[in-house]
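Residue numbers (the numbering used here), protein chains in the order written: chain H, 2 to 284; chain B, 6 to 344. Here's the structure we're looking at; comments come further down.
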Amino acid sequence: MTGGRKLLGHVALLLPPFGWLTLFYLGSLFILLLSAFWQVDPMSGDVVHDWTLDNFRLLVSDATYRIVAQRTIGIAALVTVTDILLAWPLAYVIARKVGPRLKLTLLVLVALPLWSSMLARIYAWRLILGHDGVLNWFLRAAGLPGQSFAFTNVALWLVFSYLWLPFMLMPLVSALERIPASLLDAAGDMGATPWQTFRTVIFPLAIPGMAAGSVFTFAVTLGEYVTPMLVGGAGSEFIGNVVYANVGVSGNVPFAAAFSMVLLVVIGAYMLVARRFGAFEGA
Amino acid sequence: MQDNATTGAMAVGLSGLTKSYDRGRPVLKGIDLEICPGEFFTMLGPSGSGKTTTLRLIGGFELPDAGQVTLLGRDVTRLPPYQRDVNTMFQDYALFPHMSLRDNVAYGMKIRGVGAAERTERAQQALDMVHLDAVSDRRPSQLSGGQRQRVALARALVNKPKLILLDEPLGALDLKLRREMQVELKRIQKQTGITFVYVTHDQEEALSMSDRIAVFSEGVIEQVGTPQELYERPASRFVARFIGSSSILGGEHGCAILLRPEDVRMEPHGYTPTPDEDILPGVVEEIAYLGPVTRCQVQRMETGACVTAMVPSRTARTLQEGMAVVAVWAKDVAYPLPR
Chain H
2 MTGGRKLLGH VALLLPPFGW LTLFYLGSLF ILLLSAFWQV DPMSGDVVHD WTLDNFRLLV
62 SDATYRIVAQ RTIGIAALVT VTDILLAWPL AYVIARKVGP RLKLTLLVLV ALPLWSSMLA
122 RIYAWRLILG HDGVLNWFLR AAGLPGQSFA FTNVALWLVF SYLWLPFMLM PLVSALERIP
182 ASLLDAAGDM GATPWQTFRT VIFPLAIPGM AAGSVFTFAV TLGEYVTPML VGGAGSEFIG
242 NVVYANVGVS GNVPFAAAFS MVLLVVIGAY MLVARRFGAF EGA
Chain B
6 MQDNATTGAM AVGLSGLTKS YDRGRPVLKG IDLEICPGEF FTMLGPSGSG KTTTLRLIGG
66 FELPDAGQVT LLGRDVTRLP PYQRDVNTMF QDYALFPHMS LRDNVAYGMK IRGVGAAERT
126 ERAQQALDMV HLDAVSDRRP SQLSGGQRQR VALARALVNK PKLILLDEPL GALDLKLRRE
186 MQVELKRIQK QTGITFVYVT HDQEEALSMS DRIAVFSEGV IEQVGTPQEL YERPASRFVA
246 RFIGSSSILG GEHGCAILLR PEDVRMEPHG YTPTPDEDIL PGVVEEIAYL GPVTRCQVQR
306 METGACVTAM VPSRTARTLQ EGMAVVAVWA KDVAYPLPR
C-alpha cells in the first residue's frame, strides 16, 4: 500500500518536468530530424513534405560545407587543446599550492568575467584586436610591427579560448583538489621523481576533469554562431552560421536541419567519448 | 666511508630533530633516537604528540627545521623521498585508484625500470603473500578496507626495502581484523628481517608487537625501552598513565608510587597487613565487570587517595559499591616514580 503510494508520489513529481522535456525539447528535436528529409519548392519557396536525401547529398558533395564543418570541428579542437594548456598551471597552483584565502580570491577572479555579458566581452576583443586596437598600441609602443588578427580565424581561436577557459579551469581544479596528498607521497616513496609522479599519478587522475571541461570548450564551441559573426572574417563561418543563414535569409529550413543533424551527431559522439573518460562522474 | 656506513650502522638515527608548522607551533622539540636493524620499533603517543611527524621526517615527506636524519649511517636529512631506500604504508593506504592491484604493487619496479615480466611475477608473489593473488586485476575501489590494507602491505614489501614505515596502518580496521593483522605483521617482520618503524596511539598494540617502544608526548620522547621496561619501570607519570592502567599515590617523602591494578587485591574492612604489605582502607567507589576480571576503585575518603584493583571476577562477587574495604599490595610491587 505505502509502496504504491510512494511510487505514485514519485510519478506525480516527475510528470511535469518530464512532460515539458518530451513536448518541447524532444518534440522539437524530432521535428528537426524529420524536416532534414523534407525539401523546399524552388518556385514558391515553401517547405514541401516530400521525403528526400538531397540535403545530405548536397552537404557531402559541396566542398564549401565540408570546409565549414572541418573549420568548426578544427577550431573547437584547437580551443580545447589551448584551454587545457592554459588551465593546467593555474589550476595546479589554485588546487595544490596556495592557502584557502588566496585560493578563493583566484577562483573569484577566474569566475568574475562570467558575470558580465558575453556579447560585451566579445566586443571588447574587437577593441583589443582591431587595427587601431589596444594590442597594436602596445606593439607599436614597443617598436614591434602591428598585427592584423581582427576578423580572422586567429581572432576566433583567441576569443573562444578566452571565453571557455574558466569552464576548463573549474573542473580541472576540482579534479586536482580531489587527489589525496598521500598518493603523491606514496609515489615519491616508491622512487618516483616529481615529474614521474605528475605523469603516472596526477595527470591520469585529472583526466575526468579535463574531459568535463572539454564538454564546454569542444561541444559548446561546435554549436557557436555569435562569436564567428562578431570577430570572424569572411572565411570564418561555423556550421551554426550556415544554419542561421539558411533559416533566416534563404528560408531553407530542411537544409539547415540537415546540417544541424551533422552537428548533433558529432556532439553526441563526443559526449560518449567524454563519458568514457569520466567527464560526468561525481563533481 | 660507504662500507663503514653499511656495517653495524643504525637503521635509523635521529638527532636533535625540531619541526614547527605555520604560526610557529612547535611539533617536535628535539628528537634523538636510534633504531637497530631488524627491529620492530614502535613510536607510541597520543595524537599531536609528534610521532607521525617524526615518521614523515624519516620518510622524507617533510624536512626538519634542525637536526639530522641518518639511514644506515648515511645522512639523508635533505634528500627527497624518492632518494631514500624506505617504503611506507600510509594510514589511508594511498592506493592508486586508477591502477589494478597488480599495477599498484608493481609501481615502484616500473619506476625503476624493472622489466614487465619480472615486475608482474614479483607483484603476483607479493599479492600471493597477503592472499590477494586471485583478485590482482581489480581496482582498489572494489576491495574491502582489510583487503586494501593488505595491498598496501604487499606494495611496501615488494621492493625489499631495508626499512618500512607504518603510519597507524590498522587504525581503520575493526577489532577482530586488527588482532589478525597484528599477528600477520609481526610474522612478516620476523620472516623478512626488515626494520619496521610503526606509529600507533594504541598502547596495547604497541606492547604486543614491538621489540622496543618510544613514548612521545608533546614533541619530546618521554622514554625508550622494551615493553616490559616501559610497563614495569616507567620513567615518568606520563608513561605510567599512558601505558597500561595504573594508580599513582603520593608517597611519604613527596615521592609518588605507581601501582598496577593487577598487583592490588581486596580484603574486608579491618584487615591487618603483614609486615611486607601496604594498605589503603576506603570504600568501593566503582565496580566494572570485565568478564574474566572485575575492576574496582577504592577511595580513602579522608585524603581522596584512589587505588584501582583488578581482581578475578570469581572473588569479586561479594563486593558492592559503597562497601568499606581495604586495598592491599606487597611493598615490593609499588614502584617509586622518578621525578
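The beta-carbon is built from N, C-alpha and C at its ideal position, and this holds for glycine as well.
According to DSSP, residue i sits in a beta bridge with which residue or residues?
i, result
"A335 of chain B", "B:E282"
"V303 of chain B", "B:V289, B:V312"
"T23 of chain B", "B:K34, B:A71"
"R270 of chain B", "B:V333"
"F46 of chain B", "B:V202, B:R217"
"I262 of chain B", "B:L254, B:P341"
"D84 of chain H", "Looking at the DSSP assignment, D84 of chain H forms no beta bridge with any residue, so it has no partner."
"D80 of chain B", "B:T75"
"G18 of chain B", "B:E39, B:T75"
"Y294 of chain B", "B:T299"
"V91 of chain B", "B:L168"
"P17 of chain H", "Answer is none; P17 of chain H lacks a bridge partner."
So, is residue i buried or exposed, given that buried needs 16 or more other C-beta atoms within 10 angstroms?
i, result
"F31 of chain H", "exposed"
"S237 of chain H", "buried"
"E225 of chain H", "buried"
"L120 of chain H", "exposed"
"W165 of chain H", "buried"
"A284 of chain H", "With a pLDDT of 46 at A284 of chain H, under the threshold of 50, the modelled position of this residue cannot be trusted, and the question is left open."
"A121 of chain B", "exposed"
"F139 of chain H", "exposed"
"R28 of chain B", "exposed"
"K181 of chain B", "exposed"
"Q129 of chain B", "buried"
"Y163 of chain H", "buried"
"L170 of chain B", "buried"
"L8 of chain H", "exposed"
"T11 of chain B", "Note that T11 of chain B has pLDDT 47, beneath the 50 cutoff, so the model's placement of it is unreliable and no number is given."
"E227 of chain B", "buried"
"A142 of chain H", "exposed"
So is residue i in contact with chain H if we call contact Cβ pairs under 8 angstroms?
i, result
"Y112 of chain B", "yes"
"A99 of chain B", "yes"
"Y294 of chain B", "no"
"T205 of chain B", "no"
"Y87 of chain B", "yes"
"H274 of chain B", "no"
"R265 of chain B", "no"
"G82 of chain B", "Going by the sequence as given, residue 82 of chain B is Thr instead of Gly. Answer no: the Cβ-Cβ gap between T82 of chain B and chain H never drops below 8 angstroms."
"I169 of chain B", "no"
"T59 of chain B", "no"
"T11 of chain B", "In this prediction, T11 of chain B scores a pLDDT of 47, lower than 50, which makes its location untrustworthy; the coordinate-derived value is nonetheless stated afterwards. Not an interface residue."
"S25 of chain B", "no"
"I116 of chain B", "yes"
Using a Cβ cut-off of 8 angstroms (strictly closer), state whether residue i contacts chain B.
i, result
"P114 of chain H", "no"
"Q40 of chain H", "no"
"A284 of chain H", "Caution is warranted here: a pLDDT of 46 is assigned to A284 of chain H, below 50, making its placement in the model unreliable, and no coordinate value can be reported."
"A193 of chain H", "yes"
"F278 of chain H", "no"
"V202 of chain H", "yes"
"P146 of chain H", "no"
"A143 of chain H", "no"
"S175 of chain H", "no"
"A92 of chain H", "no"
"A37 of chain H", "no"
"G20 of chain H", "no"
"P101 of chain H", "no"
"P181 of chain H", "yes"
"P172 of chain H", "no"
"A187 of chain H", "yes"
"L1 of chain H", "Within the shown structure, residues of chain H are numbered from 2 to 284, placing residue 1 of chain H beyond reach of any answer."
"F199 of chain H", "no"
"L206 of chain H", "yes"
Take every Cβ of the segment 68 to 79 of chain B, pair it with every Cβ of the segment 15 to 33 of chain B, and state whether three or more of those distances are shorter than 8 angstroms.
-> Short answer: they touch.
Any chance you could list the alpha helix (DSSP H) runs of at least 4 consecutive residues sitting entirely within the segment 193 to 245 of chain B, in chain order?
-> Here the runs fully enclosed are 208 to 214, 232 to 237.
For the segment 154 to 191 of chain B, which segments carrying the beta strand (DSSP E) assignment without a break, of at least 3 residues, lie completely within its bounds, in sequence order?
-> Listed in chain order, they are 168 to 172.
Can we say the segment 132 to 140 of chain B touches the segment 148 to 163 of chain B, given the rule of at least three CB pairs closer than 8 angstroms?
-> Segments in contact, yes.
Any chance the segment 48 to 60 of chain H sits against the segment 254 to 265 of chain H, with 3 or more Cβ pairs inside 8 angstroms?
-> Cβ pair count under 8 angstroms is three or more, so yes.
The segment 124 to 131 of chain H in contact with the segment 202 to 222 of chain H per 3-pair CB rule at 8 angstroms | As far as the Cβ criterion goes, the segment 124 to 131 of chain H does not touch the segment 202 to 222 of chain H, which means the pair count is below three.
When the Cβ atoms of the segment 207 to 218 of chain H are set against those of the segment 170 to 177 of chain H, are three or more pairs found closer than 8 angstroms?
-> Touching, yes, given that three or more Cβ pairs across the two stretches are closer than 8 angstroms.
Just list the alpha helix (DSSP H) runs in the segment 28 to 59 of chain H, keeping only unbroken ones of 4 residues or longer that don't cross its boundaries, in chain order.
-> List check, alpha helix (DSSP H) in window: 28 to 36.
Is the segment 30 to 47 of chain H close to the segment 183 to 201 of chain H, with three or more CB pairs under 8 angstroms?
-> Contact between the segment 30 to 47 of chain H and the segment 183 to 201 of chain H is absent: fewer than three C-beta pairs spanning the two stretches fall below 8 angstroms.
Entirely enclosed alpha helix (DSSP H) segments - the segment 174 to 248 of chain H, minimum 4 residues | Assignment of alpha helix (DSSP H) within the segment 174 to 248 of chain H, counting only whole runs of 4 or more residues, yields 182 to 190, 195 to 198, 204 to 215, 227 to 232 in chain order.
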